[in-house]
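Report on the structure given below.
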Amino acid sequence: MYIPKGFEVEDLPTLHDFMERNSFAVLFGTLDGAPFATHLPLLVDRDRGPNGTIVGHVARANPHGGIFDAKTPALAIFTGPHAYVSPSWYNRPNVVPTWLYTAVHAYGTPRATEDQNVVHALLERMVKLYESGFERPWQLSSQPASYLDTMRRGVIAFEMPIERVEGKYKLNQIKNEADRRGTIAGLQSTDDAMAHEVADLMLSLEH
């Protein structure tokens, strides 16, 4: 990823936090010599390896699972809030439109596991995480054993030790204060909830 120095985020806990907040990601690999991608939720085991380890699963019918062979490199992209910036928000001439965004890229080599205990633990962990905000969370443990067995066998679980991770927060850090203030005010003036999130992120960088 192209990262000008002013936009680079290197702190590993910050990157892990970002990946956890924005866990619905895109996993890219190479299948039969061509790029291949899957949109999926990914979890991070922070303490497994120097940079952590990503874990997830795909449907067994998904050909992506065939390249979880511990040999084929992959890239997981986590994206956060983003928003368009109008030149009208700057109080000076000769400026151009741009887009502010936040992203983390994690690189590694996925390997599949057929250990049904590992698969079950992963599914249970994901269910607990994503159901935790509901009044009556759906529980994996309440499902019939035959259904659970079918569910486990219908997916391919994998882990990807993170070999390299990079973060980019393009939030007008390299602009002067007047431009940043104008951008924040402009973002806050829109009806776009994500633009408001970007404005909040910009404000958080000032503290």
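Numbering (the working numbering), first residue to last: 1 to 207.
Note that beta-carbon positions come from the ideal geometry of N, C-alpha and C, so glycine has one too.
Just so we're clear, the structure is a prediction, and the values are computed from it rather than from any experiment.
Inside the stretch 9 to 84, DSSP marks whole alpha helix (DSSP H) runs of 4 or more residues at positions 12 to 21, from first to last along the chain. Secondary structure note for E206: it is in no alpha helix (DSSP H), with a DSSP letter that is neither H nor E.
Distances from the CA of A76 to each of R92, H82, G66, I54 were compared; the closest alpha carbon is that of I54. Linking W99 to D115 through their CA atoms gives a straight-line distance of about 44 Å. For M1, there is no enclosing alpha helix (DSSP H), as DSSP marks it with neither H nor E.
Excluding the 5 residues flanking it on each side, F24 has same chain C-beta neighbours closer than 6 Å at P41, in chain order.
The beta carbon of T183 lies closer than 6 Å to those of V85, W89, N172 in the same chain, with the five residues before and after it left out. Note that the stretch 52 to 72 touches the stretch 153 to 161; at least 3 beta-carbon pairs, one per stretch, sit closer than 8 Å.
Residue pairing for L100: DSSP places it in a beta bridge opposite A83. E159 has V55, R111 as its beta-bridge partners, per DSSP. V198 and T102 have their alpha carbons spaced roughly 9 Å apart. Below 8 Å, too few C-beta pairs join the stretch 126 to 134 and the stretch 177 to 196 to call them touching: fewer than three.
Where N117 is concerned, the enclosing alpha helix (DSSP H) starts and stops at 116 to 131. About 5 Å separates the beta carbon of A37 from that of V26, a gap short enough to meet the 8 Å contact definition. Residue pairing by DSSP puts E166 in a beta bridge opposite H105.
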